[in-house]
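Start counting the sequence shown at 3; every next residue gets the next number (the numbering used here).
From the three backbone atoms N, C-alpha and C, an ideal C-beta is built for every residue, glycine too.
Below is one structure; the comments refer to it alone.
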Amino acid sequence: MNHTADKAILAVSFGTSYETARKATIEKIENDIAAAFPDYRVYRAWTSKKILAVLKKRDNLYIPNVMEAMAQMKSDGITEVIVQPTHILDGIENNIMKEEALSFRDDFRSISFGTPLISSQEDADAVIGAVAEEFKNHRDDTALVLMGHGTSHKANSIYAQLDSMFKAHGHSNIFLGTVEGNPTIQDLVKEVCSYSPRKVVLAPFMIVAGDHAHNDMAGDEPDSWAYQFRQKNYEVQPVLKGLGEYPGIRSLFIDHVKQAIAGQA
């Protein structure tokens, strides 16, 4: 590694307790960042206290939170920090993460932030392109239903906007809803039924195919999305693949790091 010792990129993710999902998504994003920016040391922090506690107890695996990662970089002699979240939106998680990182502002020469996945119209277009590319072999009589997380934050409105944008970009068979916000699964079932596809494919609109994807989306419980669509007599195929596995999504994060570096200059 030919990096100068004083510059670092901190990749901040929500985290996951699924090892295979972690390797397929978060670690791939981090590896791509390391490959794209060889002059920087790449550090990791996760924001979910619950997931960090599970990993420590179950796997004896220690992953730092944002405060711990910032303290580590300080003790390693890092002076310039780029913080790149792998969050989808600039919502509650992202705001807390920024506050925590900035509590170290006196310890570094500079702390700059890359934006979350969808932070502009260009980002939204790129994400729609990456998803459409991933499922380009789907026939028109297959509905692709994407499960976003959703939030009580005002940023949640992006989900309904994206759902409309998929249609505006010519993807009338792609639907986007959320587990914890709007549009709801009830909204989606109505929309999909009026489209009347032959088959429904479910995929997470989250960086990682973790708990929500395995349980709320693909699970066998009556409130799972798969169950709801099967109740309407659709053939349902869950795809347990997080957005972090899509090359187009990872390259968008690289662009956001580049923009953050350019913004420092």
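Fill in: Close-in-space but distant-in-sequence residues of the same chain around P66 (CB under 6 Å, 5 per side omitted)
The residue labelled residue 66 in the question sits at position 64 within the sequence shown. A47, listed in sequence order.
Worksheet item: Could you give the distance in angstroms between the alpha-carbon of F16 and the alpha-carbon of Q266?
Response: What you label residue 16 is simply residue 14 of the sequence shown in a count that begins at 1. What you label residue 266 is simply residue 264 of the sequence shown in a count that begins at 1. If you take the alpha carbons of F16 and Q266, they lie about 25 Å apart.
Worksheet item: Comparing alpha-carbon positions, which option in T153, A7 and K243 lies nearest V133?
Response: On the sequence shown, position 131 is the one that residue 133 refers to. The residue with the shortest Cα to Cα distance from V133 is K243.
Worksheet item: Looking at S122 and I84, is the spacing between their C-beta atoms short of 8 Å?
Response: Along the sequence shown, one-based indexing puts residue 84 at 82. Along the sequence shown, one-based indexing puts residue 122 at 120. The Cβ atoms of I84 and S122 do not sit closer than 8 Å to each other.
Item to complete: With DSSP as the reference, please indicate the residues paired to A47 in a beta bridge.
Response: Counting from 1 along the sequence shown, the entry for residue 47 is found at position 45. Note: A47 sits in a beta bridge opposite V14.
Item to complete: Would you check if the distance between the CB atom of D218 and the CB atom of W227 is smaller than 8 Å?
Response: Stepping through the sequence shown from its first residue, residue 218 is reached at position 216. Stepping through the sequence shown from its first residue, residue 227 is reached at position 225. Yes, the Cβ-Cβ distance between D218 and W227 is below 8 Å.
Worksheet entry | Beta-carbon proximity of I176 to L148, cut-off 8 Å | Within the sequence shown, residue 176 is the residue found at index 174, counting from 1. Within the sequence shown, residue 148 is the residue found at index 146, counting from 1. Contact flag set, yes.
Discussion item. Just verifying my parser: in three-state terms, what is the DSSP assignment at E237?
Written reply: Numbered from 1 along the sequence shown, position 235 holds the residue referred to as residue 237. Three-state DSSP puts E237 in a strand.
Worksheet item: Does DSSP put G79 in a helix, in a strand, or in coil?
Response: Walking along the sequence shown from the start, residue 79 turns up at place 77. Here G79 sits in coil by DSSP.
Worksheet item: Is E247 near A26, with beta carbons less than 8 Å apart?
Response: On the sequence shown, position 245 is the one that residue 247 refers to. On the sequence shown, position 24 is the one that residue 26 refers to. In this structure, E247 sits near A26, with a CB-CB distance shorter than 8 Å.
Worksheet item: Helix, strand or coil: which one does DSSP assign to M208?
Response: Here residue 208 refers to the residue found at position 206 of the sequence shown. Residue state for M208 is assigned as coil, using DSSP reduced to three classes.
Item to complete: Please report how far the alpha carbon of G150 lies from the alpha carbon of S77, in whole angstroms.
Response: Your numbering for residue 150 matches position 148 in the sequence shown. Your numbering for residue 77 matches position 75 in the sequence shown. A straight-line Cα-Cα distance of about 37 Å links G150 and S77.
Worksheet item: For D109, which residues from the same chain have a beta carbon less than 8 Å from its beta carbon, with the 5 sequence-adjacent residues on both sides left out?
Response: In the sequence shown, counting from the first residue as 1, residue 109 sits at position 107. Here D109 has M72 and K76 as same chain residues with Cβ atoms under 8 Å from its own Cβ, once five neighbours each way along the sequence are excluded.
Worksheet item: Do D127 and E82 come within 8 Å of each other at the CB atom, strictly closer than that value?
Response: If you number the sequence shown from 1, residue 82 lands on position 80. If you number the sequence shown from 1, residue 127 lands on position 125. Not closer than 8 Å, so no.
Discussion item. Just verifying my parser: in three-state terms, what is the DSSP assignment at S112?
Written reply: Stepping through the sequence shown from its first residue, residue 112 is reached at position 110. Assigned with DSSP and collapsed to three states, S112 falls in strand.
Practice prompt. State yes or no: is the C-beta of V68 within less than 8 Å of the C-beta of A23?
Written response: The count along the sequence shown starts at 1 and reaches residue 68 at position 66. The count along the sequence shown starts at 1 and reaches residue 23 at position 21. Not closer than 8 Å, so no.
Worksheet entry | Option in G172, Q86 and V241 with minimal Cα separation from L119 | Along the sequence shown, one-based indexing puts residue 119 at 117. Nearest option by C-alpha distance: Q86.
Practice prompt. Determine the contact status of T88 and I130, defining contact as a CB-CB distance below 8 Å.
Written response: Looking up residue 88 in the sequence shown gives position 86. Looking up residue 130 in the sequence shown gives position 128. No, the pair does not count as a contact, with Cβ atoms beyond the cut-off.
Worksheet item: So, are the CB atoms of V202 and V238 less than 8 Å apart?
Response: Looking up residue 202 in the sequence shown gives position 200. Looking up residue 238 in the sequence shown gives position 236. Cβ distance < 8 Å, so V202 and V238 count as in contact.
Worksheet item: What residues in its chain sit with their C-beta under 7 Å from that of M167, if we drop five residues either side in the sequence?
Response: Translated into positions along the sequence shown, residue 167 becomes position 165. Excluding sequence neighbours, M167 sits near A126 and I130.
Item to complete: Give the straight-line distance between the Cα atoms of R43 and I256, rounded to the nearest whole angstrom.
Response: One-based indexing of the sequence shown puts residue 43 at position 41. One-based indexing of the sequence shown puts residue 256 at position 254. The straight-line gap from Cα to Cα measures roughly 15 Å.
Practice prompt. Ignoring anything shorter than 4 residues or poking outside the segment 116-160, list the alpha helix (DSSP H) runs there in chain order.
Written response: Taken in chain order, the complete alpha helix (DSSP H) segments of 4 or more residues contained in the segment 116-160 are 123-136.
Worksheet entry | Inter-residue Cα distance where the pair is D165 and T153 | As a first step, residue 165 must be located in the sequence shown, where it is residue number 163. As a first step, residue 153 must be located in the sequence shown, where it is residue number 151. Looking at the two C-alpha atoms, the distance is approximately 16 Å.
Worksheet item: Which class does L178 belong to by DSSP, given the choice of helix, strand or coil?
Response: What you label residue 178 is simply residue 176 of the sequence shown in a count that begins at 1. In this structure, L178 counts as strand in the three-state DSSP scheme.
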